[in-house]
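Number 6 in full-length UniProt numbering belongs to position 6 of the sequence shown; there are no gaps in the numbering.
For each residue, glycine too, the CB sits at the ideal point set by N, CA and C.
Some notes on the structure that comes next.
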Amino acid sequence: MFSKKKIQEIRDQFPILKKKIYSNSLVYIDNAATTQKPFQVIKASEIYYSTINSNVHRGLHFLSQESTFYVENVRKKIQKFIHAKHSSEIIFTKGTTESINLVASSISFLIKKGDEIIISYLEHHSNIVPWQILCSKKKALLKIIPINKDGLLQLEYFNFLISEKTKIVAINHVSNVLGIINPVKNIIDKSHEYGALVLIDGAQVPSSLDLDVQNLNVDFYVFSAHKMYGPTGIGILYGKEKILNYLDPYQTGGEMINKVSFDQTTYSDLPFKFEAGTPNIEGIIVWGEAIDFVEKIGVENIQHYKKELLSYAIKLLSRIDGIQLYGGSDLKKRSSIISFNLSKLHCFDVGSILDRFGIAVRTGHLCAQPLMNFFNVKGMIRASFSIYNTFEEIDYLFDSILKAKKFLLKH
Ligand SMILES: *Cc1c(COP(=O)(O)O)cnc(C)c1O
1 MFSKKKIQEI RDQFPILKKK IYSNSLVYID NAATTQKPFQ VIKASEIYYS
51 TINSNVHRGL HFLSQESTFY VENVRKKIQK FIHAKHSSEI IFTKGTTESI
101 NLVASSISFL IKKGDEIIIS YLEHHSNIVP WQILCSKKKA LLKIIPINKD
151 GLLQLEYFNF LISEKTKIVA INHVSNVLGI INPVKNIIDK SHEYGALVLI
201 DGAQVPSSLD LDVQNLNVDF YVFSAHKMYG PTGIGILYGK EKILNYLDPY
251 QTGGEMINKV SFDQTTYSDL PFKFEAGTPN IEGIIVWGEA IDFVEKIGVE
301 NIQHYKKELL SYAIKLLSRI DGIQLYGGSD LKKRSSIISF NLSKLHCFDV
351 GSILDRFGIA VRTGHLCAQP LMNFFNVKGM IRASFSIYNT FEEIDYLFDS
401 ILKAKKFLLK H
């Protein structure tokens, strides 16, 4: 458990936390949408543009070699961070969304009429729509793993859905709406029994759970930098070497080719085969700083502290009359996300009042409309915690919800 002093030291590294919102202190609890950035990340961007800036892998001059070195270093850092076997299995993309689109596109030649792809009720739109489009192009079928009233995947239905026809299973590791940690290892093992490939959407995972892609034996794993204190516009696709080699390229152009003539083009080896064009060099290098930040505190420590925040928040918020909390009460299966509704009040009305108090929460369908339909609501209010949040902020959230409720029920 971190002391108050330690958390204050961490908070001091995040300049935005000093900002006033309508003359209240900012309480930033929209971390499942994106996290704030510490000084070392912000500074790294300036250092990059002031001292390193140049294109990678192309030039032989000093700066180009330097930027290439830093980029490839971060690739290795990520390899270690997720325990991948080879650094060439780390493909830089714009983020989770692009990584899923890459796989759905590059794998499409494997999908035939009547094949099946399995996702779940819990998915973010970016892990629904690419598969839906692939299915409609190929006349394949999209199958959905149902959930129970707490939002837990119903694995017995998954066992019933999976068959030799299943080509891909794509599910999230942690739900961005309910914070539920899904039993991905079971799903991966079961899918492999039927020869299906598995993609795990890990957008909510880095810095929340220890990640070991080899131990999971997952085929594809994807996440973004910006939800782990890093910059926007950069993320990865991890894929097993053998499978990535087998897939078609996603985009074509510079960097991803070996030889080009007007008759024929051959592709570069991994990872460059999937990295057409000039990459987000600054984003990659700056992301390296975010990983250092996370590793210095320790993923397990972060996870442990966030769990305490979650447990405290659930305890406190459950006391509010008329509150509906989603996601069940088994904290072992939960990450630091808590979504709720208040009586019959509209989530936007509640969110607007919380905003006036300086509290940043997410409201609406949370990029998961099928899940909103499942719970028969238009939207939810979501609080999601990070290493710089405090128990006092949760007290303040609690008081502010009570005030919002009182105000809205009167008007
Ligand atoms: C945020 C999120 C995404 C989308 O990530 P981007 O960085 O916007 O591409 C996908 N899935 C889950 C579970 C998420 O939380």
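| query | result |
| --- | --- |
| Do Gly95 and Gly233 have their beta-carbon atoms positioned less than 8 Å apart in this structure? | yes |
| Put Ile16 into one of helix, strand or coil per three-state DSSP. | helix |
| Taking only heavy atoms of ligand 1 into account, decide whether any of them is closer than 7 Å to the Cβ of Arg148. | The sequence as given places Asn at residue 148; Arg does not occur at that position. Result no, Cβ not under 7 Å from ligand 1. |
| Please work out which residues of its chain come closer than 7 Å, Cβ to Cβ, to Ser87, disregarding the five sequence neighbours upstream and downstream, and give them in chain order. | Arg75, Lys76, Gln79 |
| For Pro15 and Phe293, which I take to be in contact (beta-carbon distance under 8 Å), what is that distance rounded to the nearest angstrom? | Actually they are not in contact, since the Cβ atoms of Pro15 and Phe293 sit about 14 Å apart, beyond 8 Å. |
| Does ligand 1 have a heavy atom nearer than 7 Å to the CB of Thr96? | yes |
| In this structure, what does DSSP give as the bridge partners for Gly364? | Met380 |
| Among the residues of its own chain, which have a CB less than 8 Å from the CB of Ser268, if the five just before and after it don't count? | Glu255, Met256, Ile257, Asn258 |
| So for Thr232, helix, strand or coil by DSSP? | coil |
| Compute the beta-carbon to beta-carbon distance between Lys149 and Ile118, rounded to the nearest angstrom, for a pair I have assumed lies under 8 Å. | With 8 Å as the limit, Lys149 and Ile118 do not qualify as a contact, their Cβ atoms being about 21 Å apart. |
| Three-state secondary structure (DSSP) at Leu143? | Note that residue 143 corresponds to Lys in the displayed sequence, not to Leu. Three-state DSSP puts Lys143 in a strand. |
| Cβ of Ile171 within 8 Å of Cβ of Asn182? | yes |
| Measuring only the C-alpha atoms, how far is Phe398 from Ser50? | 45 Å |
| How far does the alpha helix (DSSP H) with Gln132 in it reach, from first residue to last? | 129-138 |
| Taking the C-alpha atoms as reference points, what is the distance between Ser54 and Leu345? | 53 Å |
| What does the alpha-carbon distance come out to for the pair Lys167 and Leu211? | 24 Å |
| Answer yes if the stretch 215-222 comes into contact with the stretch 182-201, meaning at least three C-beta pairs across the two stretches below 8 Å, and no otherwise. | yes |
| Evaluate contact between the stretch 176-193 and the stretch 126-137, counting only Cβ atoms and requiring at least three cross-stretch pairs below 8 Å. | no |
| Give every residue of the same chain whose Cβ lies closer than 8 Å to the Cβ of Ile381, excluding the five residues on either side of it in the sequence, and list them in chain order. | Ser339, Phe340, Asn341, Leu342, Cys347, Val350, Gly351, Leu354, Val361, Arg362, Thr363 |
| Pick from Glu89, Arg319, Leu247, Gly322: whose alpha carbon is nearest that of Val222? | Glu89 |
| Is it the case that the Cβ atoms of Val71 and Ile291 are separated by a distance below 8 Å? | no |
| Taking residue 423 as part of the alpha helix (DSSP H), name the residues at either end of that continuous run. | Lying before the first or after the last residue shown, residue 423 is absent from the chain, which here runs from 1 to 411. |
| Nearest to Ile162 by CA position, among Asp189, Gln204, Leu26, Gly151, is which residue? | Asp189 |
| Could you tell me if the beta carbon of Gln132 falls within a distance shorter than 7 Å of some heavy atom in ligand 1? | no |
| Can you tell me where the alpha helix (DSSP H) holding Ala290 begins and where it ends? | 281-297 |
| Could you name the residues that DSSP lists as bridge partners for Met265? | Correcting the residue identity first, residue 265 is Thr in this sequence and not Met. Answer is Val260, bridged to Thr265. |
| Skipping 5 residues on each side, what residues in its chain have a beta carbon closer than 8 Å to that of His83? | Leu211, Asp212, Val213, Gln214, Asn215 |
| Apart from the five residues on each side of it in sequence, which residues of its chain come closer than 7 Å, Cβ to Cβ, to Tyr326? | Gly151, Leu178, Ser339, Phe340, Phe375, Met380 |
| So, using beta-carbon positions, are Gly283 and Glu98 closer together than 8 Å? | no |
| Return the first residue and the last residue of the alpha helix (DSSP H) that Thr96 is part of. | 96-106 |
| Any heavy atom of ligand 1 inside 7 Å of the beta-carbon of Ser23? | no |
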